[in-house]
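First comes the structure, then the notes that go with it.
Number of protein chains: 2
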Amino acid sequence: MKTAVSILAVGLAMLGSCLMTQAQVVEDFKPSELNQAGKEYPMVNSERRVRAQLLAPEATSVKLDIGGVKYDMVKDENGLWTGESDPQDEGFHYYQLNVDGASVPDPGTLFFYGASRWGSAVEVPAADAEIYALKNVPHGVVRQHLYYSKVSGTIRRCFVYTPPCYESNPDARYPVLYLQHGGGEDETGWASQGKANLILDNLIADGKAVPFIIVMDNGTWRPTGPMAPRREGEPWPPAGWADGFKNTLLQDIIPMIDSVYRTIPDNAHRAMAGLSMGGMQTRAITLGNSDVFGYVGMFSGGSISPADIEQNPEFKQNVKLLFIGYGSRELESGRYSMGGDPKTNTEQVNALGIKTSFYVSQDTAHEWQTWRRSFYQFAQQLFK
Amino acid sequence: MKTAVSILAVGLAMLGSCLMTQAQVVEDFKPSELNQAGKEYPMVNSERRVRAQLLAPEATSVKLDIGGVKYDMVKDENGLWTGESDPQDEGFHYYQLNVDGASVPDPGTLFFYGASRWGSAVEVPAADAEIYALKNVPHGVVRQHLYYSKVSGTIRRCFVYTPPCYESNPDARYPVLYLQHGGGEDETGWASQGKANLILDNLIADGKAVPFIIVMDNGTWRPTGPMAPRREGEPWPPAGWADGFKNTLLQDIIPMIDSVYRTIPDNAHRAMAGLSMGGMQTRAITLGNSDVFGYVGMFSGGSISPADIEQNPEFKQNVKLLFIGYGSRELESGRYSMGGDPKTNTEQVNALGIKTSFYVSQDTAHEWQTWRRSFYQFAQQLFK
């Protein structure tokens with residue numbers, strides 16, 4: 418009798434949980450725009466929940482693993498598993514599926530490099546998706562450029578965006594932004610999940626940005642590993658951690674770009690920016706090389722303090738703009754504020770006479786929507 | 418007793434099978450060059466077997482699905498599944514894993530578009546891998562080019578290879594090859610799994626090919642669907658199946674390329690080629706438009722017959738070279754010889770006074786190694 422009651426109680430609890438879930442989920446799911454051609458799933462609803470589906474007839478457990486949470490999916494009589502997440506922030510999210518303990522990409526999506534792997538992602542429609550929409554405006558070209566690096570003795574790859582007018586104005590010369598990805602990402606990120614090319618196409622078409630070249634290279638420097646695990650008691654990041662990429666940037670990449678492309682090779686027409694690890698690299702590299710870079714952008718990657726300026730006094734004369742961007746959720750959590758509170762730092766640096774811009778992306782965290790928006794803001798202030 | 422004997426018999430059979438397998442497999446596996454950075458598996462040995470590995474602790478069955486065969490993998494005490502295939506041909510192979518009935522990409526590899534999906538692939542080292550190796554030679558650039566199509570009313574994407582000398586010779590003009598993928602593939606194929614950019618970089622560096630531009634677009638024409646399922650009794654491919662891509666090629670792509678790039682816009686400096694479905698499109702498009710294309714290449718995609726020439730007599734005057742390539746295994750099987758035996762057809766067309774080249778890739782089938790080699794041969798005969 419005790420057993421029967423227990424089973425009934427569990428059954429009612431499960432039924433309640435099931436009904437509650439159904440009541441919560443709004444059934445207006447649409448395919449994610451990052452799905453492979455012809456694939457319906459994953460989908461996203463107006464609550465910004467992600468629903469995944471996978472055929473796995475013999476599996477005993479399938480989970481949707483997104484935003485650090487694993488959501489159980491439910492099997493139907495055909496072996497089709499379906500399940501949805503809690504609401505996600507607007508924008509781009511990496512995720513994966515878990516099939517009987519195996520973490521695998523969802524075969525329904527295009528693949529993106531992040532978290533040190535090529536894997537699935539989903540796009541949650543954003544209120545400001547206009548800024549990176551594919552429109553019928555003149556489009557720049559993204560070039561895959563292979564080059565030999567003297568610093569590393571290897572052939573490396575970068576992507577180079579040239580603006581729409583680049584080919585039709587064969588005598589014009591352009592400023593250059595060196596734009597870096599985050600830790601566990603690579604040189605593909607900004608023109609893929611970042612949509613930097615579409616953002617700049619749209620800004621140029623609207624007359625809101627001057628045309629410039631963007632160079633996107635790989636800042637992951639092996640074998641030393643710029644983001645090696647933190648060891649107890651050691652300063653983090655360790656001294657010299659950005660030197661590997663700094664050397665290849667200054668000795669290989671910039672000379673190559675200035676020789677192959679029609680650039681304006683001076684500090685007033687050269688910018689560096691990056692997200693997260695790329696922002697920290699931007700800080701580490703531009704502080705000591707402000708004669709090379711006249712514009713500096715850091716997105717969710719720390720800030721520059723009065724103490725930094727004291728150690729690099731020429732920064733004040735050389736730099737035309739210091740841009741600091743963060744997601745509001747990052748600031749609320751107090752994370753990713755390496756080197757002190759970024760807002761206070763930026764105000765204090767501004768008070769020293771350096772032009773600054775501090776941007777907060779509302780209701781986003783340490784994620785691509787913050788960086789797309791930061792780039793959108795930064796790009797409008799460059800080379801003006 | 419009967420049961421005990423049966424178990425013993427099964428046990429001996431399994432042991433025998435196990436020993437036999439171990440004796441067959443040479444333990445000199447090395448990571449595939451298409452693996453993601455830092456990933457050991459999949460691996461390939463000197464027999465050209467592919468070995469895959471996946472952590473799936475709670476799975477009851479994991480299979481390696483390659484070349485149309487599903488190979489059982491074996492679980493160890495840590496939940497790590499490992500298994501290998503029979504020997505594969507040299508070159509590039511699509512594959513997937515099957516976890517308790519779910520077909521998923523192998524999270525160890527880079528991803529490629531084929532079989533109408535983005536999925537895993539493995540590279541079996543080839544004796545002639547030199548032809549597409551990444552070397553320290555001058556490299557051309559592969560450009561992602563977005564453009565508006567009047568024919569379809571959409572924004573389309575193509576990839577454009579410009580040779581190494583393109584930027585440094587701003588007044589030079591170049592011939593153009595329009596190079597098409599196969600069914601279930603897309604515009605990414607030739608510069609990714611096809612390695613057409615590296616093959617041409619190497620040929621130009623060796624003085625074996627003249628520098629030219631390559632345009633790689635998407636020949637999958639929706640919504641009509643060029644490769645819709647065959648219906649009993651209907652001719653295949655159906656009449657007009659290539660008109661969708663023909664219209665966008667002639668009305669959108671070629672005018673756009675000739676206006677944006679420094680081309681030589683005439684028949685003597687314009688070629689079309691493709692693999693499989695792309696070869697069939699090349700046949701369908703160039704036969705009626707030989708005033709546009711002076712060089713024609715079909716790789717595993719049929720051939721041109723004397724009857725074709727009879728219906729298109731101007732082909733003889735206009736075309737400087739007709740190249741037909743096949744894998745030897747395709748010819749042996751008698752498959753993919755649409756419109757009659759390709760060797761006989763090509764000999765007969767040659768006898769009509771048309772310059773032809775017939776190439777057979779040894780020990781390869783309807784697969785990328787055949788097409789890499791065909792392109793390597795074809796490129797050396799272009800625009801000379």
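Quick note, the sequences are listed as chains F and G, same order. Counting in my numbering, the first sequence runs from 418 upward without gaps. Counting in my numbering, the second sequence runs from 418 upward without gaps. C-beta: ideal position from N, C-alpha, C; glycine also.
| query | result |
| --- | --- |
| Residues from the region 502-520 of chain F in contact with chain G, defined by Cβ distance under 9 Å | Q513, L514, V516, D517, G518, A519 and S520 |
| Interface flag, Q668/G vs chain F, CB-CB below 8 Å | no |
| Neighbourhood of K801/F by C-beta distance below 8 Å, restricted to the same chain and skipping five residues each side | V627 |
| Interface residues of the region 616-631 of chain F facing chain G [CB-CB below 7 Å] | none |
| Counted within 10 angstroms of its Cβ, other Cβ atoms place E444/G as buried (16 or more) or exposed | exposed |
| DSSP bridge partner residues for A389/G (one or two, in chain order) | As shown, chain G starts at 418 and ends at 801. That puts residue 389/G outside it, with no answer to give. |
| 4 or more residues per run - each alpha helix (DSSP H) lying fully within the region 584-642 of chain G | 613-622 |
| Residues bridged to W498/F (per DSSP) | L471/F and K492/F |
| L769/F versus R789/F, V736/F, R790/F and W788/F, residue with shortest Cα-Cα distance | V736/F |
| Neighbour list for P474/G in chain F, Cβ cutoff strictly below 9 Å | D517, G518 and A519 |
| Coarse secondary structure for I702/F, derived from DSSP in three states | helix |
| Same chain, Cβ closer than 7 Å to L432/G, five either side skipped, listed in chain order | Its pLDDT being 47, under 50, L432/G is placed unreliably by the model, and nothing is read from it. |
| Whole runs of the alpha helix (DSSP H) within the region 667-718 of chain F, excluding any shorter than 4 residues | 671-677 and 694-704 |
| Inter-stretch contact at 8 Å, needing at least 3 Cβ pairs: the region 515-533 of chain G / the region 760-775 of chain G | no |
| Chain-order list of residues whose beta-carbon lies under 8 Å from that of A543/F (same chain, five-residue window excluded) | E507, G508 and Q786 |
| Buried versus exposed, by CB contacts within 10 Å (16 or more), S585/G | exposed |
| Exposure of Q441/F, with buried meaning 16 or more beta-carbon neighbours within 10 Å | exposed |
| Residue burial classification, A685/G (beta-carbon count within 10 angstroms, cutoff 16) | exposed |
| Chain G within 8 Å of F528/F, Cβ atoms only | yes |
| CA nearest to the CA of I483/F, picked from V461/F, I630/F and Y712/F | V461/F |
| H783/F at chain G interface by Cβ criterion, 8 Å | no |
| Cβ neighbours of S569/G in the same chain (closer than 7 Å, five flanking residues each side left out) | T665 |
| Chain-ordered neighbours of I702/F on chain G, where CB pairs are closer than 8 Å | Neighbours of I702/F on chain G: none; closest Cβ ~23 Å, over 8 Å. |
| Chain F residues whose Cβ lies nearer than 7 Å to that of T477/G | E475 |
| C-alpha gap between R574/G and C575/F, whole angstroms | 20 Å |
| Nearest-angstrom Cβ-Cβ length linking Q794/G and Y776/G, presumed shorter than 8 Å | 5 Å |
| Spatially closest choice to Y712/G from D623/G, V521/G and K733/G, by CA coordinates | K733/G |
| Local conformation of R573/F per DSSP, three classes | strand |
| Contact the region 557-567 of chain F vs the region 550-570 of chain G: 3+ CB pairs below 8 Å | yes |
| Status (buried if at least 16 other CB within 10 Å, exposed otherwise) for A656/G | exposed |
| Residues that R558/G contacts on chain F, provided the C-beta gap is smaller than 7 Å | According to the sequence displayed, residue 558/G carries Val and not Arg. By Cβ distance, chain F contributes R560, Q561 and H562. |
| Neighbour list for Y595/G in chain F, Cβ cutoff strictly below 8 Å | Those within 8 Å of Y595/G in chain F number zero; the least Cβ separation is about 18 Å. |
| Close-in-space but distant-in-sequence residues of the same chain around F446/G (CB under 6 Å, 5 per side omitted) | M460, N462 and R468 |
| 8 Å contact criterion, which S717/F and Y743/F should meet: CB distance rounded | 6 Å |
| Contact between the region 547-557 of chain F and the region 608-616 of chain F (3+ Cβ pairs under 8 Å) | yes |
| Euclidean distance between Cα positions of D758/F and S720/F | 8 Å |
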